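Shown next, in structure tokens, is the structure this report addresses.
Residue numbers (this note's numbering): 2 to 237.
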């Protein structure tokens with residue numbers, strides 16, 4: 002059985018369709034719509050690209066990964082009558098801490114000075130579980146996306162989504178099911194913060210996956226496909 006309602010996919014920072022390609026192969030979706038956030042240079046453009054893919058009067062499922070989870074949340078809050086469900090992957094609804102904002106400011110300065118080495122082992126280790134750092138289907142894809150999209154895309158994405166406010170109040174207003182999916186070893190979307198979010202949001206459930214870093218759609222594809230299938234109401 003496939004999903005008849007459209008499913009919108011929102012990629013993360015410095016990601017394109019490649020973050021979802023393995024996942025799409027394992028999902029039975031009749032109407033799959035991808036939001037090309039890599040084309041946007043501001044939050045307003047991200048929202049415009051997203052809402053262009055929702056037709057008047059229809060119900061859609063939203064699947065947002067990392068930064069895409071933030072944009073999906075903003076879209077859902079602005080189009081509540083059109084939302085059938087939400088799956089938020091490796092995304093912390095609590096927003097950015099002061100230390101994370103400081104790190105982003107440092108990153109912006111670094112990028113503006115022309116320094117960007119996406120194949121750096123330390124850079125990759127922030128996002129990928131140690132067991133997959135030599136896996137071309139994970140690390141290789143991450144490096145390829147970063148090299149192809151480049152520092153200008155990373156800079157645009159960082160500036161467009163900083164600061165990032167707490168979105169609990171927005172999610173509380175949404176009456177549809179919300180599935181939070183997090184990696185126990187994720188260094189970006191901390192699992193303890195996701196656990197707190199799941200207790201604060203009455204309409205949310207949390208699925209914790211082990212042996213995965215932040216690149217969860219590539220690292221735990223089959224388990225994630227099962228979570229999404231359950232949340233949008235189809236058989237995998």
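Every residue gets a Cβ at the ideal spot worked out from N, C-alpha and C, and that includes glycine. Remember, it's a predicted structure, so these values are computed and weren't measured experimentally.
- Fewer than three pairs of CB atoms, one per stretch, sit closer than 8 angstroms, so the region 188 to 197 makes no contact with the region 47 to 63.
- Judged by DSSP secondary structure, residue 179 falls within the beta strand (DSSP E) whose first and last residues are 179 to 184.
- When DSSP reads this structure, residue 65 sits in a beta bridge with 11 and 89.
- Between residue 23 and the set 162, 138, 144 and 91, the nearest pair of CA atoms involves 138.
- Counted as a single uninterrupted DSSP element, the alpha helix (DSSP H) harbouring residue 196 occupies residues 192 to 201.
- Minimum Cα-Cα distance from residue 185 among the listed residues 12, 86, 90 and 28 corresponds to 90.
- Residue 172 holds the alpha-carbon nearest to the alpha-carbon of residue 203 among 135, 104, 172 and 103.
- Look at residue 20 here: in three-state DSSP terms it is helix.
- Judged by their CB atoms, residue 94 and residue 213 are not nearer to each other than the 8 angstroms cut-off.
- Close CB contacts of residue 128 within its chain, under the 8 angstroms cut and outside five residues either way in sequence, are with 143, 188, 189, 214, 215 and 216 (chain order).
- Taking all protein chains in view, the Cβ of residue 165 is crowded by 16 or more other Cβ atoms within 10 Å, so the residue is classified as buried.
- Per DSSP, the beta bridge partners of residue 209 are 183.
- Annotation: the continuous beta strand (DSSP E) that includes residue 33 extends over 33 to 35.
- Under the DSSP assignment, residue 151 falls in the alpha helix (DSSP H) whose first and last residues are 142 to 161.
- When only Cα atoms are considered, residue 211 and residue 170 end up about 29 angstroms apart.
- In the DSSP annotation of this structure, the continuous segment of the alpha helix (DSSP H) that includes residue 112 starts and ends at 99 to 113.
- In the structure shown, the three-state DSSP call for residue 72 is helix.
- In summary, residue 162 is buried, with 16 or more beta-carbon neighbours lying within 10 Å of its beta-carbon over all protein chains present.
- Here the alpha carbon of residue 45 sits roughly 25 angstroms from the alpha carbon of residue 148.
- Under the DSSP assignment, residue 125 falls in the alpha helix (DSSP H) whose first and last residues are 122 to 126.
- With a cutoff of 8 angstroms on beta-carbon distance, residue 64 and residue 6 are scored as not near each other.
- Sequence-distant Cβ neighbours of residue 205 in its own chain, meaning closer than 6 angstroms and more than five residues away, are 179, 181 and 199.
- Secondary structure note for residue 129: it is in no alpha helix (DSSP H), with a DSSP letter that is neither H nor E.
- The count of Cβ pairs closer than 8 angstroms, one atom from the region 216 to 226 and one from the region 24 to 35, reaches three, so the stretches are in contact.
- Short of 6 angstroms from the beta carbon of residue 120, and not among the five residues preceding or following it, lie these beta carbons of its own chain, in chain order: 144.
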